[in-house]
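No gaps in the numbering here: position 113 of the sequence shown is 101 in our numbering, and each next residue is one more. Even glycine gets a Cβ: it sits at the ideal position worked out from N, Cα and C. Given the structure is predicted, the values throughout are model-derived calculations rather than measurements. To start, the structure under review is shown below, and the notes come after it.
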Amino acid sequence: MLNGSAVLNPSMTRILNMTNMTTTNTTPHYTVYQAYHLGLLVISVLIILSNSFAITIYCRHKAIRKNLNNILLCSLAVSDLLTGLIYLPVLVIVERSDFRGKHQWLLTLQRYHFMFGNLCGFSTVFHIIALTIDKYVAVLYPFKKINLSTRWLYRKILASLWTTALFFALIPLFWYFKDEGSQSWYKKFHVYGIFQLVIFFGLSLLTLMYCYLRMFAKIHNQDCEGSLTGRVQRRERTDRKTISVFLCFFVVFVIGWFPWFLFTLDNNMLRAPLEVKDFLVTLRFAGAFLNPAIYAFLKNDYRQAISSDLAKLCSKPAKMEPIELNLKTTNQ
């Protein structure tokens, strides 16, 4: 019997196949699964390294923390870090385990693991929306943004993001452990999948597109006026660069999530080639290690902080050379 998360997660369809392989003992296919899981672990390591680096930069530099917008970026990094630190390693453990007989606790682990993955996914979507709306207000209503920019407000936004993501992630608890495998049980998961597609992709996509179009239109109109002061021109260039960073988030979001949602709602999912599932799973989690790379190298304050750390790191050996020379002269 296929568990519920396989309805929504292409990767989880491997659980049934892995169990079947223990009886058929098809070594070539098992080697393919080993390579697939090794790939997931590599992605997990990349996610951990990139997001740990981004969080470290945030904690080390006061100038980064002073920009309240970066609080949302740090929280996004925490969300992505949970994906690499917990979700993907447990996914490999679950998929490589035998669900038959005495190991029923694995089924319970898999169910909560599915909801934990939803929590990470939903929180990532909410963070991208919050970052975009924050920049939208800054570009279109700069004076209002100044009045609203308080640390207390951003903490309130973060609490709302995580609470809402947790609520939606735990919705399957209402039916997950009741009538497992029945027709109504599968139907509820299918409705939940449609809900995810409409709310967390469709509505989010429309919101992000509206914000980006309005922001680019505003900047374009300012360019056409041609009567901007030097200070306003500098702010406009900064806004344009920041919008480009968040636009990269948007592109990664669409590329990673759109095929995923369409594929998971297809009834022919189980008959799809394993290569297709592997590609979608890789695409889905690529954003978790690309997000910190995007703002670390494209966002000015992060790039300056990284350059400052690299300069300090490179200058340390140079400072040690005169000391070594002085020691040699005294010995002589």
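| query | result |
| --- | --- |
| Coarse secondary structure for Trp93, derived from DSSP in three states | helix |
| Classification of Pro280 by the beta-carbon crowding that lies within 10 angstroms, buried from 16 upward | buried |
| Presumed contact (8 Å Cβ cut-off) between Ala276 and Thr71, rounded CB distance | 5 Å |
| The segment 190 to 206 / the segment 129 to 147 touching (three or more Cβ pairs under 8 Å) | no |
| Leu56 vs Tyr142 beta-carbon contact at 7 Å | yes |
| Burial state of Ala299, where buried means 16 or more other Cβ atoms lie within 10 Å | exposed |
| Residue environment, Leu60, which counts as buried when at least 16 other CB atoms sit within 10 Å | buried |
| Helix, strand or coil at Glu168 according to DSSP, with G and I counted as helix | coil |
| Proximity below 7 Å, CB of Ile134 to CB of Ala293 | no |
| The segment 232 to 243 touching the segment 161 to 169, judged by at least three CB pairs closer than 8 Å | no |
| For Ile187 and Arg84, the rounded distance between their alpha carbons | 32 Å |
| Distance between beta carbons of Phe237 and Leu119, contact taken as under 8 Å | 7 Å |
| Cβ-Cβ distance between Leu76 and Ser32 below 7 Å | yes |
| Cβ-Cβ distance between Leu158 and Met203 below 7 Å | no |
| Buried versus exposed, by CB contacts within 10 Å (16 or more), Pro(-2) | Bear in mind that the predicted position of Pro(-2) carries a pLDDT of just 42, short of 50, making it unreliable; the figure below should be weighed with that in mind. Counting Cβ neighbours within 10 Å, Pro(-2) comes out buried, since at least 16 surround it. |
| Whole alpha helix (DSSP H) elements within the segment 96 to 157, 4-residue minimum | 130 to 136, 139 to 157 |
| Ser323 (DSSP reduced to helix, strand or coil) | No statement about residue 323 is possible, as the shown extent of the chain runs from -11 to 320 and does not include it. |
| Any non-hydrogen atom of the ligand GDP closer than 6 Å to Val30 Cβ | Here there are no bound small molecules, and the ligand GDP is not part of this structure. |
| Short Cβ contact (7 Å threshold) for Leu107 with Ala65 | no |
| Beta-carbon spacing of Phe177, Phe110 below 7 Å | no |
| Check whether Ser286 and Gly244 have beta carbons under 7 Å apart | As written in the sequence, residue 286 is Leu, which differs from the Ser given in the question. No. Outside cutoff. |
| Buried or exposed (CB count within 10 angstroms, at least 16 for buried), Ser63 | buried |
| Helix, strand or coil at Leu56 according to DSSP, with G and I counted as helix | coil |
| Assigned secondary structure, His49 (DSSP; H/G/I helix, E/B strand, else coil) | coil |
| Where Pro261 sits in the DSSP three-state scheme | coil |
| Ser85 - DSSP class collapsed to helix/strand/coil | coil |
| Contact under 7 Å by Cβ, Pro247 with Leu278 | no |
| Cα-Cα separation, His101 to His208 | 46 Å |
| Per-residue burial, Ala126 [other beta carbons within 10 Å of its own, 16 or more giving buried] | buried |
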